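Let me begin by presenting the structure, written as structure tokens, before commenting on it.
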């Protein structure tokens, strides 16, 4: 299941609800990404995340389906925000349920690497020097390449 | 007229997030549109800029028509 939404969400509540739905999973791993308060040594006062709804939902859903098939998951949840958010707020949450831990850990790692490099979101950080666009770093591209 | 969308830093480089344009006769595919708009906005010629037609990623040779929504996508980053 995937959700792309402007509303804030609570990663703890998401994990609890996901776990409650999957009593037979055996293993659940999750990751929450938060807005940083500083980036490249500069304060960040707000983050703006633009998206292209029709394309973004399609790509995020495909990443979820690929992770599910590749790691034989019982289920996967991806929640991704768009719009304006403040430092410390959750941007993204991924939870994967599998029979054993390795598949669950790997699926979350894989989904995040693909979201970082392929999901149609565009980030603009606001700070003391104004606004600047932030694109995937070389390290993100290298992380993505690990999965072939 | 075709609707053309710009995402990410392209909005600053083009100076708009959306414009509508009547396609000239010679512009029939995605690459043709990129070359045509690229004369005025060279940022669109960057190979890292991907394109989508009607919210589906497209290849250079994808046909485009006046009724289409065509997007120029600067490098993406979620998470």
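Chains as they are written, first to last, in our numbering: chain A, 1 to 148; chain B, 1001 to 1079.
Don't be surprised by glycine CBs; every beta carbon is placed ideally from N, CA and C.
Being a predicted model, the structure only gives us computed values, none of them experimental.
Check                                                                                                                                        : Outcome
Limits of the alpha helix (DSSP H) - the one that residue 1079 of chain B falls within                                                       : Taken as a continuous stretch (DSSP letters only), residue 1079 of chain B belongs to no alpha helix (DSSP H), as it is neither H nor E.
Residues from the segment 1039–1060 of chain B in contact with chain A, defined by Cβ distance under 7 angstroms                             : 1052, 1055
Chain A contact for residue 1073 of chain B (CB, 8 angstroms cutoff)                                                                         : yes
Cross-strand partners of residue 125 of chain A (DSSP beta bridge)                                                                           : A/47, A/132
Residue 105 of chain A, enclosing alpha helix (DSSP H) - first and last residue                                                              : 101–118
Range covered by the beta strand (DSSP E) that runs through residue 978 of chain B                                                           : The structure shown has nothing for residue 978 of chain B, since chain B only spans 1001 to 1079.
Nonlocal neighbours in the same chain, by C-beta distance under 6 angstroms from residue 1044 of chain B, ignoring five residues either side : 1034, 1037, 1038, 1072
Residue range of the unbroken alpha helix (DSSP H) whose run includes residue 66 of chain A                                                  : 53–71
DSSP state of residue 12 of chain A mapped onto helix, strand, coil                                                                          : helix
Residue 1017 of chain B Cβ short of 7 angstroms to the ligand FAD heavy atom set                                                             : The model on display carries no ligand, and the ligand FAD is accordingly not part of it.
Residues in the segment 19–49 of chain A having any Cβ partner in chain B nearer than 7 angstroms                                            : 33
Classification of residue 90 of chain A by the beta-carbon crowding that lies within 10 angstroms, buried from 16 upward                     : buried
Interface flag, residue 1077 of chain B vs chain A, CB-CB below 8 angstroms                                                                  : yes
Cβ-based contacts, 8 angstroms cut-off: residues of the segment 71–95 of chain A near chain B                                                : 80, 91, 92
Top-ranked residue by Cα proximity to residue 1042 of chain B, from B/1015, B/1029, B/1058, B/1064                                           : B/1015
Residue 1077 of chain B classed as buried or exposed, judged by whether at least 16 other C-beta atoms fall within 10 angstroms              : buried
Residues in the segment 1003–1025 of chain B having any Cβ partner in chain A nearer than 8 angstroms                                        : 1005, 1007, 1008, 1009, 1012
is_contact[residue 149 of chain A, chain B] using C-beta, thresh 8 angstroms                                                                 : Because residue 149 of chain A is not part of the residues shown, which for chain A are 1 to 148, the question remains open.
Other residues of its chain near residue 19 of chain A: CB distance less than 7 angstroms, five sequence neighbours each side excluded       : 28
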